[in-house]
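Novice: Structure incoming, see below.
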Amino acid sequence: MCNLLRISKLFTLTLLLSARVVAGHQADKEKDYSKSYTLSASDKVSISNKFGKVDVHTWDKSEVQVDVHIKVSAPLEAEAETILNRIQIKDSREGDLVSFATDLGTEEEHHNHHRNQKFSIDYTVYMPAAQTLRLKNEFGSTSIPDYTGLIELTSSFGSLEAGRLASVKSLKIEFGKAHVQSVNGQDNGDVSVKFSKADVSEVSGHIDADFEFCNMMDVRVTSAIKTLRIKNSYTHLNLKLAPGIPARFDIFTNFGSLNNSSDYPIKEGEKHHDMFQKTYSGKSGDGSVDVILHDEFATVNIS
Numbered sequence: 081m082c083n084l085l086r087i088s089k090l091f092t093l094t095l096l097l098s099a100r101v102v103a104g105h106q107a108d109k110e111k112d113y114s115k116s117y118t119l120s121a122s123d124k125v126s127i128s129n130k131f132g133k134v135d136v137h138t139w140d141k142s143e144v145q146v147d148v149h150i151k152v153s154a155p156l157e158a159e160a161e162t163i164l165n166r167i168q169i170k171d172s173r174e175g176d177l178v179s180f181a182t183d184l185g186t187e188e189e190h191h192n193h194h195r196n197q198k199f200s201i202d203y204t205v206y207m208p209a210a211q212t213l214r215l216k217n218e219f220g221s222t223s224i225p226d227y228t229g230l231i232e233l234t235s236s237f238g239s240l241e242a243g244r245l246a247s248v249k250s251l252k253i254e255f256g257k258a259h260v261q262s263v264n265g266q267d268n269g270d271v272s273v274k275f276s277k278a279d280v281s282e283v284s285g286h287i288d289a290d291f292e293f294c295n296m297m298d299v300r301v302t303s304a305i306k307t308l309r310i311k312n313s314y315t316h317l318n319l320k321l322a323p324g325i326p327a328r329f330d331i332f333t334n335f336g337s338l339n340n341s342s343d344y345p346i347k348e349g350e351k352h353h354d355m356f357q358k359t360y361s362g363k364s365g366d367g368s369v370d371v372i373l374h375d376e377f378a379t380v381n382i383s
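Start counting at 1 in the sequence shown, then tack on 80, and there's your number in this note's numbering.
Next up, the structure:
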């Protein structure tokens, strides 16, 4: 009888251990996508992805090629197969616009971490550096080298590594981190950084920036700046100005402070009726470059 009880217990334990092993097993499914389009100099390219990487490489060919690797992991092979089949890359050419976009199907992205289901959608893009580009990536890393074409770039809930961007229409970074070597703004280039850690080594051209809840922003302003407008809140901002900028300064702070250690003559204006608000102004050279700063609940250092 004792032997039968021992055998029964061992059998039950074996079943439990086996169930745990089975429960811990993940079925993996993968597939690849590749598509290319011939481009004219005036064609535009749009890339939209989520839950994966986007790596851009430039080349001399007059075409764009997009290679995508999709990987799915789920407890059951049938589940993995279903998810894999649901994820599609939609591409199209409409007029002068060539588009590539990730389509998650009828089930939305909340399934990415539901019941141990996981997937990644990784893009590798090859295209001319002078092409107009609109690129958006969510929940993944993005990398782009030096780029001369007009660009709209959005990175959300991920990381961005970018080289010298010579013609920026917009740069938006949210809930992530970024390092950008340089931004040359075109037509009041929109630079927005929110709830992120970002480093922009150089800015030039026309810049209209908005920094919110970023802990710290370090921005080096070159002598090639044309206009600089910054709205800053809850972000410690360090502005390093190149010498010789013919700047006209117009600065407002509310529950903030301004420290100027540069050679630019920036002086505090008359006392405001609200003791927490201050204005500053100054002019260098002919004052042809507007430097307008609106700061709230933060410290700004100009050097």
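Even for Gly, the Cβ is constructed at its ideal location relative to N, Cα and C.
For glutamate 241, name the three-state secondary structure that DSSP assigns.
Specialist: It is a strand residue.
Novice: With a threshold of 8 Å, are at least 3 pairs of Cβ atoms found where one atom belongs to the region 364-379 and the other to the region 323-337?
Specialist: yes
Novice: Within this structure, are the beta carbons of glycine 365 and lysine 347 separated by less than 8 Å?
Specialist: It is not a contact, given that the beta carbons lie outside the stated cut-off.
Novice: How would you write the range of the beta strand (DSSP E) that valine 127 sits in, first residue to last?
Specialist: The residue you asked about is not valine; residue 127 is isoleucine in the sequence shown. Here the beta strand (DSSP E) through isoleucine 127 covers 124-130.
Novice: Within the continuous beta strand (DSSP E) that includes isoleucine 163, where are the two ends?
Specialist: DSSP places isoleucine 163 outside any beta strand (DSSP E); the residue lies instead in the alpha helix (DSSP H), whose first and last residues are 157-166.
Novice: Please list the terminal residues of the continuous beta strand (DSSP E) segment that includes alanine 322.
Specialist: Careful: alanine 322 lies outside any beta strand (DSSP E) and carries neither H nor E.
Novice: Comparing alpha-carbon positions, which option in Val380, Asn339, Val205, Ser200 lies nearest methionine 297?
Specialist: Among Val380, Asn339, Val205, Ser200, the Cα nearest to that of methionine 297 belongs to Val380.
Novice: Leaving out the 5 sequence neighbours to the left and right, which residues in its chain are closer than 6 Å to isoleucine 310 when beta-carbon positions are compared?
Specialist: Ala289, Leu373.
Novice: Work out the CA separation of threonine 315 and lysine 25 for me, nearest whole Å.
Specialist: The displayed coordinates of the chain run from 81 to 383. Any statement about residue 25 would go beyond what the structure contains.
Novice: Are the region 129-140 and the region 198-218 touching, with three or more C-beta to C-beta distances below 8 Å?
Specialist: Flag = yes, the region 129-140 and the region 198-218 touch.
Novice: Of the residues Ser341, Ser342, Ser303, Ala378, which one's Cα is nearest the Cα of lysine 358?
Specialist: Ala378
Novice: Count the C-beta pairs between the region 267-286 and the region 162-181 that are closer than 8 Å, then say yes if the count reaches three, no if not.
Specialist: No, they do not touch.
Novice: Since serine 250 and glycine 269 should fall inside the 8 Å C-beta cutoff, what is the C-beta to C-beta distance between them, to a whole number of angstroms?
Specialist: 7 Å
Novice: Measure the C-alpha to C-alpha separation of asparagine 295 and proline 323 and round it to an integer number of angstroms.
Specialist: Looking at the two C-alpha atoms, the distance is approximately 27 Å.
Novice: Taking only the alpha-carbon atoms, compute the straight-line gap between serine 313 and phenylalanine 356 and give it to the nearest angstrom.
Specialist: 14 Å
Novice: I'd like the ranges of any beta strand (DSSP E) spanning at least 3 consecutive residues and lying wholly in the region 304-372.
Specialist: 327-334, 337-340, 346-348, 357-363
Novice: Counting C-beta neighbours from all protein chains within 10 Å, is the total for glutamate 218 16 or more, i.e. buried, or is it exposed?
Specialist: buried
Novice: Can you pull the DSSP bridge partners for glycine 265?
Specialist: Val248, Gly285
Novice: Distance check for glycine 285 and threonine 204, CA to CA, integer angstroms please.
Specialist: 30 Å
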